[in-house]
Structures are given as structure tokens and as C-alpha cells.
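According to this note's numbering, the sequence shown is numbered sequentially starting from 347.
Each remark here refers to the structure printed beneath this line.
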Amino acid sequence: MLPIKKLSDTVSASGWLEAGDFAGVKALGFDTVINFRPDNEARDQIPSAEAEAAAKAAGLGYAHIPLTRHDLFTDEAIAKAEAAFQSGKRVLGYCASGQRVAVVWAAGRARHEPVNDVLGAVSAAGFRLDAIRDDLEAQADRARWSGGKAGAAA
């Protein structure tokens, strides 16, 4: 299992998980895993159905929100991710490196919190997202334009 990086009190990010990693994730106190990898993204990844079975066998909840770099800032992606992140449980999101998890988490948080605070949180977790500051500011603006309803799936 790759290192786990804490984004908030309830949300962490990680790179890919193998089938045998899910029991360890549960032992670390997580309740749910979110797989952000589309199936067949890489030859060596486990498919979502296998990941879900391993998660359930370990006593974890499981969600699959397959995202590519083109999907990260869409209302639908952010709404699904925020719903899973705000489940009230300890959540581990994973993708190839953890970066995609950090980006979609930051995009959602930027709709509710100052972008500087969001960037500070992801930086403290070890992610450098300053290059997408404008995209995060656009998410903050999007929330203002829509009267705070930008997170709702279209």
C-alpha cells in the first residue's frame, strides 16, 4: 500500500490499492474507500468489482467514482465525491497516486471554503496544487454564481 495522506479529519488520499490492502485500510480505522480509477486505466490495477469485493470482505464501504483528468472539475464528479467524502465516516480515496483524490477534494472544498485554506490543507498533506489555483478559484466563483448550489449534479 502506498502512503496515506490526510486531507481532513475524515478524508485521506492514497495511491492504488491491491486486493490485500483493504484489510489494512480497515485496521487503520477507515470505514469507506472510494476508487477514483476508471477500470482498465492500467494493466496491473484490480478492477472495480474485485476492489469492491475486497473492501466488503474487509468490512469497508465502497464507492466507485471513475474520473479522468477531464472530469475533475465537473459538477457531477464534485457532487458525487462530496457526497462520499461527507458521509460522516472516515474515508480513504484512492487513485494511481492520490493526486486525483486531492484535486477533486480541493475542488469541492473550494466551493465552501477560501481557496487559500484549501491549498494549505492539501499542501500540508504533501500535494502541490498551486498550479490549479485558478481552477479552484473558478470553483469558488461557481458556487457564488449558482447561489451555493454548484455541487448538485446537473
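Beta carbons are placed, not taken as given, at the ideal position from N, Cα and C, and that holds for glycine.
All of these numbers come straight from a predicted model, not from anything done at the bench.
Going by C-alpha distance, which of the options is nearest residue i?
i, options, result
"Ala397", "Thr378, Gln445, Thr356, Thr414", "Thr378"
"Asp367", "Gln391, Glu387, Arg479", "Gln391"
"Thr356", "Ala423, Gly434, Ser394", "Gly434"
"Ala395", "Ser443, Glu364, Ala471", "Glu364"
"Arg488", "Gly439, Val461, Val437, Leu348", "Val461"
"Leu353", "Leu475, Asp480, Glu422", "Leu475"
"Ala425", "Gly472, Gln445, Ala452", "Ala452"
"Gly454", "Phe473, Asn386, Ala486, Pro412", "Ala486"
"Ile411", "Phe419, Ala401, Ala400, Ala423", "Ala423"
"Ile350", "Ala388, Ala470, Glu387, Arg389", "Ala470"
"His458", "Asp417, Gly472, Arg389, Glu428", "Glu428"
Is residue i near residue j, with beta carbons less than 7 Å apart?
i, j, result
"Cys441", "Val450", "no"
"Ile380", "Ala409", "yes"
"Ala456", "Val468", "no"
"Phe382", "Arg436", "no"
"Asp481", "Phe419", "yes"
"Gly439", "Gly361", "no"
Identify every residue that forms a DSSP beta bridge with residue i.
i, result
"Val357", "Val437"
"Val379", "Tyr408, Leu438"
"Ile424", "Per DSSP, none; premise fails for Ile424."
"Ile478", "In DSSP, Ile478 forms no bridge with anything."
"Ile350", "Ser360"
Are any of the Cβ atoms in chain C nearer than 7 Å to that of residue i?
i, result
"Lys435", "Here there is only one protein chain, and chain C is not present."
At least three beta-carbon pairs within less than 8 Å, the segment 364-374 to the segment 405-420: The segment 364-374, when compared against the segment 405-420, does touch it at the 8 Å Cβ threshold.
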